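Asker: Every letter in the sequence shown is one number past the one before it in my numbering, and letter 233, counting from 1, is 441.
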Amino acid sequence: MESTLLQDNRALADDVAAFFALDYRFVADPYPLYQRIREQAPVFRHVDKVLISRYEDCKTILTSPAVHQGLAIKGTRYRTAASQVDERERIRLAEMFGFLEKRLGGTNGAHHMRLRKLSQRAFTPKMVALMHERITEIAERLVAPLPREGTVELIDAYAFHLPLIVISEMLDISPDDRDDLRTWANSLGKFVGADWRDPDIIAEGHESVFKLRSYLTAVFDDRRGRPTSNLLSALIEAEGDGGDRFTEDELVAMITQFIFAGHETSTMFLGNALVQLLGPSRADWDALCAEPELIPGAVEELLRFDSPTHNIDKLAAADFEIGGVPVREGDTINVMIASANRDEEAFERADELDIRRPSVAHLTFGRGAHHCLGASLARMEAQISLSVLTSKFPAMRVATDTIQWRSTHMNRGPEYLPVVLGN
């Protein structure tokens, strides 16, 4: 039978509604709510979505051929929004989705495999490995001028800039254009997690799509005449079976995904990690300072314990049942990644951060055909950041008792992180 959450547990239903309305109680700390959902209604319908909260169910959805990526005009979430806005907004929504569905993360089946193979010809393990030295140089350059005394806002001074510089250099984006590019990509990211009935959200996202498309089209035209060894040229020149190449719209959508995924989530991860490591006990921070060989494992545990990715939408491509709840073709499915990563049935002491945890099979980078293409780059940036920060600033401490959090439904991290670096 379908969950009767709304009838049987009004308090939980109200809190879930508040969560999706970005009530700050749940932006600041969503994990107790996630636990209640796992225990009381692990699969249930909420307005225009089916919510999945437990690890095994989430893994099943992420790997099921009956489930596609969720940003689609066929989805219930889109149809609900489109039915409640005027004609101008409906046209803009349709144009937005026509763009978003060209991303690697917006395609499925044979089309997805085609784009993924072309992407992998450009975004190779060798290319990522060659970035290690350069990422270390960027990290050290960013921290070099930071004052040891007084307060430093570390999101703005470091966590924001490192991934933006890295992905911009990989894509051969001029330093003068990086702020505009970030603004456009972040507007799209905000749109993905927002209320699609809001005309201002639609207008902002729509404007960003066309500014981004215009900018990148000009960049492509310029680079085709003078290819280099970076990721952008590799994507432009990538060739598959029978001479297959990316179309221009596919390139624009692909690079937008690289910018958003390569910047927003990396910034949030580092902020989350530092909040956890520099908590009241500081024992984990001190351990990483003393034993830097623990850093790779600590990164995996931090990705599990406080993932920057909290929720992703999928689309039911067929009728099926999960957790006793029927799912219908066209339903939007919300996969609660951060909840799954804290599932007590999947991880011992799931609500404890253990940087020595021997095996961390988290879902932060997804599973199956849509596993994050940039996972190796994200891991490298995280490991280098913790290595540089622990070696340079072992006495670093958080300079506030209250962290201001931000959330886009999809992602969550600290808005600001004031620290004292120490001597």
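Glycine included, C-beta positions come from ideal geometry on N, C-alpha and C.
Just so we're clear, the structure is a prediction, and the values are computed from it rather than from any experiment.
Name the DSSP bridge partner or partners of L354?
Answerer: Paired residues: none, contrary to the question.
Asker: Per DSSP, R614 forms a beta bridge with which residues?
Answerer: G621
Asker: Tell me, please, which residues DSSP counts as bridged to T517.
Answerer: N619
Asker: Taking all protein chains shown into account, do 16 or more other C-beta atoms lie within 10 angstroms of the C-beta of Y232, making it buried, or fewer, making it exposed?
Answerer: exposed
Asker: Determine whether the beta carbon atoms of L496 and T598 lie at a separation below 9 Å.
Answerer: yes
Asker: From the DSSP output, in three-state form, read off F305 for me.
Answerer: Reduced to three states, the DSSP call for F305 is helix.
Asker: What are the complete alpha helix (DSSP H) segments, minimum 4 residues, inside the stretch 334–383?
Answerer: 340–351, 369–378
Asker: Look at the Cβ atom of A506, then the Cβ atom of I563, and state whether they are nearer than 9 Å.
Answerer: Cβ atoms of A506 and I563: closer than 9 Å.
Asker: Does DSSP put L214 in a helix, in a strand, or in coil?
Answerer: With a pLDDT of 49 at L214, under the threshold of 50, the modelled position of this residue cannot be trusted; read the value that follows with caution. Note: L214 maps to helix in three-state DSSP.
Asker: In chain order, which beta strand (DSSP E) runs of at least 3 residues are fully inside the stretch 485–566?
Answerer: Entirely contained in the stretch 485–566, the beta strand (DSSP E) runs reaching 3 residues are, in chain order, 520–524, 528–530, 533–535, 540–543.
Asker: How about the stretch 319–328 and the stretch 419–439: do they share at least three Cβ pairs that are nearer than 8 Å?
Answerer: no
Asker: Do the stretch 308–323 and the stretch 341–355 touch if we need at least three Cβ pairs shorter than 8 Å?
Answerer: no
Asker: Going by beta carbon distance, what residues of the same chain come within less than 6 Å of D492, once the five residues before and after it are set aside?
Answerer: L485, I563
Asker: Sort D223, E247, A249 by Cα distance to D237 and report the nearest one.
Answerer: D223
Asker: Quick check on A225: buried or exposed, where buried means 16 or more other Cβ atoms within 10 Å of its Cβ?
Answerer: exposed
Asker: Assuming L585 is part of the alpha helix (DSSP H), what are its boundary residues?
Answerer: 583–600
Asker: Helix, strand or coil, according to DSSP, for P273 in the structure here?
Answerer: coil
Asker: Thinking C-beta only, is F252 closer than 9 Å to I245?
Answerer: yes
Asker: Should K334 be labelled buried (16 or more other beta-carbon atoms within 10 Å of its own) or exposed?
Answerer: A residue is called buried once 16 or more other Cβ atoms fall within 10 Å of its Cβ, and K334, having fewer, is exposed.
Asker: Could you name the residues of the same chain whose beta carbon sits closer than 6 Å to that of R218, not counting the 5 residues immediately before and after it, in chain order?
Answerer: none
Asker: Within the same chain, show all residues whose beta-carbon is closer than 6 Å to that of V258, passing over the 5 residues directly before and after it, in chain order.
Answerer: V535, D539, I541
Asker: I think N549 touches R512, with their Cβ atoms under 8 Å apart; what is that distance to the nearest whole Å?
Answerer: 5 Å
Asker: When we look at the beta-carbon of Q612 and count the other beta-carbons within 10 Å, is it buried (16 or more) or exposed?
Answerer: exposed
Asker: Just to confirm my understanding: we take M304, look at its own chain, exclude 5 residues before and 5 after, and list those with CB closer than 8 Å. What are they?
Answerer: If we look at M304 and ignore the five residues flanking it on each side, its Cβ neighbours are F399, I410, G413, H414, V417.
Asker: Restricting to Cα atoms, I'd like to know which of G314, V606, R575 is closest to E361.
Answerer: V606
Asker: Buried or exposed, going by whether 16 or more other CB atoms sit within 10 Å of the CB of E357?
Answerer: That one is exposed.
Asker: State the Cα-Cα distance for the pair L230 and L459, rounded to the nearest angstrom.
Answerer: Rounded to whole angstroms, L230 to L459 spans 33 Å at the Cα level.
Asker: Check each candidate in T616, S595, L581, S376 and name the one with the smallest Cα separation from T332.
Answerer: L581
Asker: Could you spell out the range, first to last residue, of the alpha helix (DSSP H) harbouring H320?
Answerer: 317–330
Asker: Return yes when the Cβ of A365 is within less than 9 Å of the Cβ of G354, no when it is not.
Answerer: It is Leu, not Gly, that sits at residue 354 in the sequence shown. Cβ distance < 9 Å, so L354 and A365 count as in contact.
Asker: What do you get for H634, buried or exposed, if any count of 16 or more other CB atoms within 10 angstroms of its CB means buried?
Answerer: Outside the shown range of the chain, which is 209 to 631, sits residue 634, and nothing can be said about it.
Asker: Taking the continuous alpha helix (DSSP H) assigned at L396, which residues delimit it?
Answerer: 386–400
Asker: Cβ atoms of S547 and R262: under 9 Å apart, would you say?
Answerer: yes
Asker: Which ranges would you report for the alpha helix (DSSP H) in the stretch 394–468 if only whole runs of at least 4 residues count?
Answerer: 407–432, 439–445
Asker: Would you mind sorting P566 into buried or exposed? The rule is 16 or more other CB atoms within 10 Å of its CB.
Answerer: Taking all protein chains shown into account, P566 has fewer than 16 neighbouring C-beta atoms within 10 Å of its C-beta and is therefore exposed.
Asker: Could you tell me how far apart the beta carbons of P371 and S474 are, in whole angstroms, since I believe they sit closer than 8 Å?
Answerer: Indeed they touch by this definition, with Cβ atoms about 4 Å apart.
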